[in-house]
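Sequential numbering from 394 applies to the sequence shown in our numbering. See below for the structure under consideration.
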Amino acid sequence: MTSIDTAAAKRAAEAVPSIPCDAEGPVFREPWEAQAFAMALALHARKLFTWPEWAATLSAEIKKAQTAGDPDTGETYYRHWLNTLERLVSEKGVADATTLKRYFDAWDHAADRTPHGAPIELKPEDFS
394 MTSIDTAAAK
404 RAAEAVPSIP
414 CDAEGPVFRE
424 PWEAQAFAMA
434 LALHARKLFT
444 WPEWAATLSA
454 EIKKAQTAGD
464 PDTGETYYRH
474 WLNTLERLVS
484 EKGVADATTL
494 KRYFDAWDHA
504 ADRTPHGAPI
514 ELKPEDFS
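Given below as structure tokens:
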């Protein structure tokens with residue numbers, strides 16, 4: 394379960410008005426969406442990016458997806474969020490594209506061997 398700082402979430406929702414919200418704050422359809430949101434809050438808190446920088450990069454990612462045929466029904470919003478995270482992490486030199494791909498593949502491998510409903514845990518062999 395992901396714990397989200399409600400004050401930080403509120404500031405993010407004010408700075409990035411496209412975040413899906415209800416009266417209580419951001420809403421998520423799946424746990425991974427909340428986790429992606431929490432990662433962005435944590436990286437913002439560490440001053441990796443400003444919210445205006447985030448909003449501009451997210452907007453560019455959404456436009457790129459729409460150009461490629463994304464129907465913009467709202468169901469893919471947090472996929473764009475993840476792409477924005479990966480792009481900023483790479484642009485800021487936190488992790489390069491090769492490292493991101495390596496971890497993506499490791500998580501994919503770990504998910505394949507994990508029974509449905511069980512927590513996914515990375516193991517050294519997931520990186521081979």
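Backbone N, C-alpha and C define an ideal beta-carbon position, used for all residues, glycine too.
Output needed for residue i: all residues of its chain with C-beta closer than 8 Å, excluding positions within five of it in sequence on either side, in chain order.
i       : result
Leu-451 : Val-409, Ser-411, His-473, Trp-474 and Thr-477
Arg-495 : Phe-520
Leu-434 : Ile-397, Asp-398, Ala-401, Ala-402 and Ala-405
When you compare only the Cα positions, how much space is there between residue i and residue j?
i       : j       : result
Val-420 : Tyr-470 : 12 Å
Met-394 : Leu-436 : Its pLDDT being 44, under 50, Met-394 is placed unreliably by the model, and nothing is read from it.
Trp-425 : Met-432 : 10 Å
Ala-490 : Glu-417 : 36 Å
Leu-515 : Asp-463 : 31 Å
Glu-423 : Asp-415 : 16 Å
Ala-499 : Ala-488 : 15 Å
Glu-479 : Ala-449 : 14 Å
Ala-461 : Ser-483 : 22 Å
Looking only at its own chain, which residues have a Cβ that is under 7 Å from the Cβ of residue i, when we skip the five neighbours before and after it?
i       : result
Asp-465 : Gln-459
Would you check if the distance between the CB atom of residue i and the CB atom of residue j is smaller than 9 Å?
i       : j       : result
Trp-447 : Leu-481 : yes
Trp-444 : Arg-404 : yes
Pro-413 : Gly-467 : yes
Leaving out five residues before and five after residue i in sequence, what residues of the same chain have Cβ atoms less than 6 Å from its Cβ?
i       : result
Lys-485 : Leu-441
Glu-454 : His-473, Asn-476 and Thr-477
Assuming residue i and residue j form a contact by the criterion Cβ under 8 Å, report the distance between their Cβ atoms to the nearest whole angstrom.
i       : j       : result
Ile-397 : Ala-427 : 7 Å
What's the call for residue i, buried or exposed, on a 16-neighbour Cβ count within 10 Å?
i       : result
Phe-430 : buried
Ile-513 : exposed
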